[in-house]
Structures are given as C-alpha cells and as structure tokens.
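What the sequence shown shows, in mature numbering (1 follows the signal peptide of the UniProt record, and there is no 0), is residues -22 to -1, 1 to 794, in sequence order.
Cβ coordinates follow ideal geometry from the N, Cα and C atoms, glycine included.
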Amino acid sequence: MKMYKGVLQWLALSFFYHECRAVDLIYHVEEEKSPDSYVGNIASDSKLLESIPSEEHNLVRFHQLHQRQTGNDNLFTVSKTGELYTAQKLDAELLCTSNTECFRIIKISVRRAQTFMKILKIKVVIEDVNDNSPEFLRKSVKLDFSEGDAMGLTKSIPNAIDKDVGDLNSKIIYELQRKINDPFKLSVTKRMTGSSKLGLILTERLDRERKASYTLQVIARDGGNPMRQGILRIQVSVTDLNDNSPLFTQNTFNISIKNTHHRNSPILILSAKDLDFGNNGKISYHFSPETSTAATQHFYLNAETGGIFVVKNFTSRQTQTYKLYVEAKDGGSSPLTSIAMILVNVVDQQNHPPEIDINFVTELTKNTASISEGIKVGSFIAYVNVIDNDIGLNGEVECSLHHDKFLLLDLGSKEYKITLKKPVDREKQDRYDITISCEDKGSPPLQTQRQFSIEVMDVNDVQPQFTRETFKFLTYENEKPNFPVGFIDATDPDIGLGGTLVYSLFSNTGNNLPFIIADYGFISTNRPLDREKQEAFRFKVFVRDSGVPSLNNTANVIVEVLDENDNAPYFTFPSVNPFSLDVHYYPQSKNDITVLKASDRDSRENAFLKYEILDGNTKQLFKVNPYTGVMSFSRTVYQNDAGSYKLLLAVKDNGTPVLSSTTTLSLTLTVSNKTSTKLNSAHLPSDNTVDATMLIIIVVAAVIVSIVVVVSVTLCIVRCNNGQSNQARPGVSTAIPCNREKSHYTTQTKKTIPAPRHSVEMRNRNILLMESNNEFYPQYESQNDWIIPSTERKSPSTLLLTDRTPRSEIYSMKAA
C-alpha cells in the first residue's frame, strides 16, 4: 500500500513538473464571470517588453491563435497590447469534470512590428464557484430493517451529488440527524470515483413491537463559502433486510475500440454476483450519475445483460477516452449497489489528409493578407498550424512552400511560420499568390494544399513638397473674416493617406495669427486686419501627410496688408482748436506767416495731404500752400487790413473716399508803417527742424546772386576786351567804362530776374511726390532707381532740398 502511494505521489509530481514546463504563464479566473472580464496582462507578466526599448513597446502585438482541436477560441480574447479577457460566461461544470483541475490552454502569437517573436502558451485555470448545492437523486428513501438484524448491519442510502468541480465546493460532509434514542448512525466511505458511499448502520437490535418505524434526515454540506447543503429524508421500517451487495468481477476495466466499431456488437459485457436469493439477488445495471453526458450520448448500457454498445459515431480524428461508471443494483426492497469504472479508448486507425490552418499578421479578406512595402527581410507574416491526429506515420507531416520571396520555417509540433525571404517592391509587383503543401507519411501518403495571396501595401516614404520656399501675398485691411488671401500649393506623390495633406499655420513669435488655412491650402483671414497696427505678417505654413509615420514640411509666408483710407488726417499745428495767433506786420516783412502741419496714420496716397482755407478769408488776405502748408499773405498788406480774423482751415487726404479734418485759427493782425528789422511776430511753432520755405528762399537767392555775379564779371571782361579793340580801330570810341558797365548790368540783373517762387514750390512738390511714391511702394521701387530730370539737376535749390532736408521735415511739408 505504501509503495502504491509513493508511485502515485511520483506520478503527481511528474505531471505537475511537466505542466509547469509546458506553459509560459498561468492565470486563474472564477467561473460565472460576465463576458469581457479581465484575466491578466500577458505583456507585463511574460516580461517580454523588458528586453525591448521603451520607444518600441507600441510595436509589440499579441494575437490569439486558432486551435481547432481544442475549441478554446470562443472562451477568451486577447487585445493587441496583451490584455487577456473572457469572451463569454464560463461554466466550470460544463467545461470540466468534478474533482479535477479545470483549465484551458491557449496559444498567443507575439510579434514586434512585422517580426515574429514567440508563441506563448497560457494556462487559464477556471476556478469553481460554489453555485451548486449538494443534491440527492431522491428527496426521500424508505429502508426496511429486520427485527432479527444484528448490530452493525448497514443499509445503503443514496449519496449526494455536487455538480461543482472545485475540491472544496464539491467536497461533501454528511451528518445524520436523529433522536437521541434512535439506534442508527451514518456510515460514510470514499469510493474510487471520489464520491462517498453512504450507509445507515444499525447500532442495536430492533424491537418492532416497541417501535415500528423511524424518521431520519441526512444532511449533506459542501465545503464552499458560503456553504450549501441538501437534505435526504429516510423513512425506516422494521422488517427483514437484504444484506448482500452485488459484486463485480473487478472494479476497473480498460478497453480500446476503433472509432468504426459496429453498433450491434457490445464493447463489453459486465457481470456482477449477489449471494442473496430471489429479488434480493436479481441484479440490474445502470450508469452512475458520475458518468459524463458525452459518455452517455455515445454509449448504451443494457440494464439486464450488462452489455455496453456504441450508439453514436465518433467524429473526432484524435484518440479519445471516455469514463463510464456502471452501478450494479440488486432487486431487494432496500437495494444494495456497487460501482465499476470502464475506461474506453476510442482509437482512429484510418489515415486522413492533414488540415492546414493559417493565421495572418494582417488579414484583408479570407485567404488574403497584406504586408508593407517597407517590411524587412525575415519579418513574420503568418503562423501555420497543421492538424493531423492520425496514429503513427499517418500523423507525421512535412510541409513545403516554394517561392522566391517567402520562406516557410518549421517551429516543431506541426507548427510553422512564414517569413519574408527577399525585399518586395510594390511598384514592381503588388500581389503574390502562394501555395503551401503538407503531406503525411502514411501508405499511401495523403497531401493537402492551401493557397493564399499576399498584397503589398504602399509605404509613406515621400515628404510633402511646396512649390516654392516663400509665398508672398497682398491683401486689404478692414475686410470681413474669411477674406481670401492666397493659395498654398504642396504635393505628395504617395497614395492613400500618405498623399492626403493637412495644412496648419504657426508663427515663430508665438503671436495669434489673424489667418486660417483650409485643408486644401487656401489661406483666408479670421478677423479684420489693421495696417496701421501691422503692415506685414511673416509666418510659416506647416504641411503633413496622413500616413504612418506622418511626414511634414514647412514654407515661409509673407502677407503684406494694403492700406485703406480709414483714418482721417488731423492737425498737429495748430495743436488746439481754436488756436489764437498774433501777427505783427511791418514794411519789408516776409509774406510767410506760419506753417500748418498735419498727420495721417494711413500711408501712400491715403496719407498725401492738402491744405486749404474754407472760411474767414473774406478780404482774400491769406493763402495756404496746399502741399507745404505754408500760410502767407496773398497780397500787399495795408493799414486797414489790421484786425481779427477767424479762419476755418481744412486738411484733406488723397484717398478714396477723401477724409478731412478742420480747425479754427483766430488770427489777430497788427500793421505798422515803421521800418523794422523784425520780419514779423507770428508765433511760429516750436520745432527743431529747419523751415523749408525759408531754406528754399535762401537757396534761390544764393543761386540768383551767384548767377548775377558770374554774368556780370563775364560781361565786364568781354566789354573791356571790346573797348580795347575799338581803341585800336579808327573811328570807334568807348562810351562806358568797363567797371561802370559791370555795375549797371548787375543792378539790372537784380531787377529783371525775380525769384520764381511758384516754380520752386512746384519743383519741391515734384520732389516730394517722388519720394512719397518711393515710400508707398518699396517693394517695386528704390531711391537709387529714381532718375532726376536734367532741368532739376541744374537747380542748386532742388539738390539742396532733396539731399540735405531732413526726412521728417519733408514728410511735414508733404502732409501740409
């Protein structure tokens, strides 16, 4: 007996060691869990990611392999990232037999991008939940005890069955509930099936005349939490008892049959003997409740003869073992029983062709997979599982794949993987048809072929390209949102998502741009623009395709805002409205009174200003240069012109529409007949810049004096030379000396050549217009491009104005 126990322990340890080595991970999950219940994380528990850089963890994918022979595909699901979930509600009672560990083995393919890494075998133990109570086949039984029965006589009673498969949940403890004086106790013995054999033991002789019947209860409790129980009611009648149980010739039978066994021929005829006579010795045979439903569906037991027959064909092509528990029961009023176990091994001796099952990494349709154009040589493409459960050479299989681009590698255990042998080029060939052949070693050998196709998908390997490095656009200010600005053109020769472009705008300064760009590259405004705040915008356009990985590019964008006449000019002098000015006029005073100044936030022609007097000049005494803003007397000032004048002055721009502003100048004129070196006492604006009018007058006067001096000296020299010549000639006399003639000519020149003031002003205006235009359109013209006419070049005043006049003063004159 000790030796037998030792052998059993060694076998158990060997089985446990084999199971530990056969699987990579073991998980436990309770039955009756709802579908999609979390079981475990294969990625973290297998520690495969520890040997892979963290940036490539997202390339590792897990895939459950189809196992046709086990039928476990619909029990569990595995996410691409390695999380294991239940696929349906698990019932341990349907999946497993009692008193055994309930588990399923699933295979997981692990791939890193397109590279095959490993096949993981996962053992999932389905832990039983105590959801079944111990149940007796009958709620109550009747037992007969004879008065003459000796103490220790045992009567069999049915045991309880707990459909749970867990050790504790299916473990049943029995308790007999009786009155204190009842002469019975409960007998519980274990059978080889794991169930209990119950008996009611007589503890003392019975006296039917004192008590003819007893009512007892047997309570069966399981070891689960919470505990469940079942009750069997026993009605004991005192009479004679059948005291011999049927006995089989042996307790265990082990037989093997072919899967083509004839139904009319019994596979085994059981025989049991009973020493009792009459009905107590008549034996009938029945399947015990411990026999599985699958076994009772395939086999039939003749209750009278004990013959076992096949009633259903065996469809599986692998060897199967069925356990039949047969109970022999006598015909006594309190029948006695015994159980025998029959192990039936169904062997398939026929040769069947192998079956080929292919699991692709990426499957487009049935029998068609896809690979990337950029896949590396040696990358994992598909997992091939060959099923052939025949015995001997009939079940040994060899597979082959003949192709110049793809390779079939043997993984052992009738498992293969398909890898890439040579690089593929979608532009040369985008589809491959492949055939796998598998042949067993039977006689004659049987062969199976499986054809499938592989499509080569495009790779996003071209960066989007702009048609130019910098895009320049012109737009207008004050336009409503969504005003069109321009079109950005970029191309990408990739197809599909790799050629689908998405645009976006960004600024290096981080400012919020007033532009948006559509998916097709059209730029428009998202709010009105104000050129006075910003004349030009410089930013970048970013384009990316929708491929994986996404490629991108950038280009520069310059948007210049064209001015709109949206700002009215305003006076900077006079700076207040109304403005009071006292003017003292003396003889020999200059005509200039003051200079009006104005400004305009607009630019170019919209900021080109003109001045005029609108009202208050009833005597036509004053005038304003419309371009320079110089206010002067328009005629000779007389004594009766003295007095107060309220002049309404206006400044207008040159935009469309024309905008203007007005101001009132209260001028008090005092006229004096006395000669004074003081020109006037007008309160000119305090300014550090040189008065342009005075500068022009000084330049013109200098030019005139220079011309007069040069002409006078020249005429003098000529006249003197002529006089000398005349003296040499007879009959010619000199009327005027040379020096006198020179003096006279000089005087005449001063009188006959007045300063052309209006022409100087027009030249100044032309020069101002030319420089203003240069400011308006810097992108089209530069100052070096301007060519001054020859007549202008000869005027020193013009050269002095353009070369030496400060720009700020020119702008003030322009605005005036």
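Assuming contact is defined by CB atoms lying nearer than 7 Å, are residue i and residue j in contact in what I supplied?
i, j, result
"V56", "I86", "yes"
"E8", "E71", "no"
"I336", "A306", "no"
"N531", "F430", "no"
"S482", "F520", "yes"
"R199", "I139", "no"
"N220", "G310", "yes"
"P459", "T487", "no"
"I466", "F484", "no"
"I334", "L379", "no"
"V539", "E510", "no"
"L194", "F114", "no"
What residue range is occupied by the uninterrupted beta strand (DSSP E) comprising residue i?
i, result
"L72", "Here L72 belongs to no beta strand (DSSP E); instead the alpha helix (DSSP H) covers A70 to L73."
"N147", "Counting along the chain, N147 falls outside any beta strand (DSSP E), though it belongs to the alpha helix (DSSP H) covering D145 to S148."
"R90", "F81 to R90"
"V304", "Q298 to D308"
"Y394", "E393 to L398"
"V288", "G285 to V288"
"Q195", "S191 to D200"
"K133", "T132 to I135"
"I158", "Counting along the chain, I158 falls outside any beta strand (DSSP E), and DSSP gives it neither H nor E."
"F451", "T448 to Y454"
"E374", "First-last for E374: undefined, no H or E at that position."
"V103", "T93 to E105"
"I320", "T315 to V325"
"E61", "E61 to T64"
"G464", "P462 to F465"
Suppose the cutoff is 6 Å on Cβ atoms and the five residues either side in sequence are ignored; what does the same chain contact list for residue i look like?
i, result
"R90", "L37 and V38"
"T653", "With a pLDDT of 48 at T653, under the threshold of 50, the predicted position of this residue should be treated as unreliable, though the coordinate-derived value follows. Correct list, in chain order: P565."
"H381", "I412"
"V1", "K99 and K101"
"residue 869", "The first residue shown for the chain is -22 and the last is 794, placing residue 869 beyond what the model contains."
"F515", "V537"
"L371", "K419 and G420"
"K96", "V88"
Hey, could you find the ends of the alpha helix (DSSP H) residue i is sitting in?
i, result
"Q275", "T271 to H276"
"A21", "I20 to D23"
Looking only at its chain, what residues have a beta carbon closer than 7 Å to the beta carbon of residue i, apart from the 5 residues adjacent to it on each side?
i, result
"residue 795", "The structure shown has nothing for residue 795, since the chain only spans -22 to 794."
"D595", "Residue 595 is actually Asn in this sequence, not Asp. Counting only Cβ-Cβ distances below 7 Å, and skipping sequence neighbours, we find L625."
"M129", "L180, T181, E182 and R183"
"R374", "It should be pointed out that residue 374 corresponds to Glu in this sequence rather than to Arg. So the list reads D418 and K419, once near-sequence residues are dropped."
"S558", "S644"
Determine the DSSP secondary structure at residue i, reduced to helix, strand or coil.
i, result
"S173", "coil"
"R516", "strand"
"V615", "coil"
"H41", "strand"
"E9", "coil"
"F211", "Per the sequence presented here, residue 211 reads as Arg, with Phe not at that position. Of the three classes helix, strand and coil, the one that applies to R211 here is strand, per DSSP."
"G259", "helix"
"A128", "coil"
"G476", "helix"
To the nearest whole angstrom, what separates the beta carbons of residue i and residue j, a pair I think is in contact under 8 Å?
i, j, result
"G464", "F444", "About 13 Å separates the two Cβ atoms, so there is no contact after all."
"L176", "N137", "5 Å"
"V322", "N237", "No, V322 and N237 are not in contact; Cβ-Cβ is about 11 Å, not under 8 Å."
"E268", "T171", "5 Å"
"S249", "V214", "About 32 Å separates the two Cβ atoms, so there is no contact after all."
"K387", "I353", "Reading off the sequence, residue 387 comes out as Leu, not Lys. At roughly 16 Å, the Cβ-Cβ gap does not stay under 8 Å, so L387 and I353 are not in contact."
"T646", "S622", "5 Å"
"P112", "G201", "At roughly 10 Å, the Cβ-Cβ gap does not stay under 8 Å, so P112 and G201 are not in contact."
"L302", "A273", "6 Å"
"V526", "N438", "7 Å"
"L53", "L68", "7 Å"
"N555", "D631", "With 8 Å as the limit, N555 and D631 do not qualify as a contact, their Cβ atoms being about 19 Å apart."
"S124", "T217", "6 Å"
"Y563", "L574", "About 19 Å separates the two Cβ atoms, so there is no contact after all."
Quick one: does the C-beta of residue i sit closer than 6 Å to a heavy atom of the ligand GTP?
i, result
"T64", "The model depicted lacks the ligand GTP and carries no ligand whatsoever."
Which residues in the same chain have their Cβ closer than 8 Å to the Cβ of residue i, if we skip the five residues on either side of it in sequence?
i, result
"N456", "P506, L507, D508, E542 and D544"
"D436", "E351, R404, D472, I473, G474 and G476"
"Q298", "F292, N323 and V324"
"T343", "none"
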